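Working notes for the structure below.
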Amino acid sequence: MSIKWDAFLIVAGTTWVSALALVALYSLAVRLMAVAEDDGRSRALARSGAYACFGLCALVVVFGIVLIVPALSKTILGVG
């Protein structure tokens with residue numbers, strides 16, 4: 004048995020980048036929700052930005068589930 008190190012490194016790198024992006028988006032959304040409560044700030048703009056970040060987080064999670072579950076990958080992406 005042989006390990007394909009190039010494929011392994013691609014998967015590991017992609018996992019790290021995706022995880023960091025997801026954490027950054029969620030953190031930004033939480034921060035925007037906290038800032039929306041401050042006086043002198045545009046509440047609507049901060050909340051809409053927070054909701055957009057939360058929505059992007061949800062999309063990333065759903066896409067990850069689609070990639071992991073073989074039945075979904077075949078049905079939605081046509082891969083498998």
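Under my numbering, the first residue of the sequence shown is numbered 4, with each subsequent residue one higher.
Note that beta-carbon positions come from the ideal geometry of N, C-alpha and C, so glycine has one too.
Bear in mind that the values here come from a model prediction, so they are computed numbers and not experimental data.
(request) Drop a sphere of 10 angstroms on the beta-carbon of L70, count the other beta-carbons inside from all chains shown, and report buried for 16 or more, exposed for fewer. (result) exposed
(request) Starting from the Cα of C60, find the closest Cα among A37, L48, L31 and give me that residue. (result) From the listed residues A37, L48, L31, the smallest Cα separation to C60 is found for L31.
(request) Let me know the secondary structure DSSP gives R44 once reduced to three states. (result) In this structure, R44 counts as coil in the three-state DSSP scheme.
(message) Just to confirm my understanding: we take I79, look at its own chain, exclude 5 residues before and 5 after, and list those with CB closer than 6 Å. What are they?
(response) V69
(message) Which residue wins for smallest C-alpha separation from A22, given the options V63, L35, P73, S51?
(response) V63
(request) Please confirm whether L35 and G52 have their CB atoms less than 8 Å apart. (result) With a cutoff of 8 Å on beta-carbon distance, L35 and G52 are scored as near each other.
(message) On a Cα-Cα basis, can you pick out the residue from D42, G43, V65 that is closest to L25?
(response) Considering only alpha carbons, the answer is V65.
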